[in-house]
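Quick note: the sequence shown uses our numbering, first residue 2, plus one each step.
Report on the structure given below.
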Amino acid sequence: MSAQFYECGFKAMSDLQIQVNINFSMLCVFLILYDVEFLLLFPFLFNISFVSIFEFIIFIVFIYLIILSFIFDLQYNTFN
């Protein structure tokens with residue numbers, strides 16, 4: 002038995018089944034996360050003269066993790 006979808010309280014006129022590719026949706030989620038992560042990096046880049054060495058090391062580790070997750074995402078979505 003398929004799910005019954007309702008539009009504005011009325012039963013749908015057609016039996017529409019939407020199939021979404023999981024790789025496409027995962028890629029979209031990762032790209033949105035990358036956008037948010039780079040948005041968080043902008044204040045650091047504009048105030049680099051006020052940054053201590055510890056904050057700079059944390060920044061480099063954060064960039065490394067972003068690049069590592071991007072490589073993992075590319076391999077996962079390319080070879081599956």
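Don't be surprised by glycine CBs; every beta carbon is placed ideally from N, CA and C.
Predicted, not measured: the structure shown is a model, and the values here were computed from it.
About 7 Å separates the beta carbon of residue 45 from that of residue 52, a gap short enough to meet the 8 Å contact definition.
In the DSSP assignment, residue 39 falls within the alpha helix (DSSP H) that extends over 23 to 47.
Collapsing the DSSP output to three states places residue 62 in a helix.
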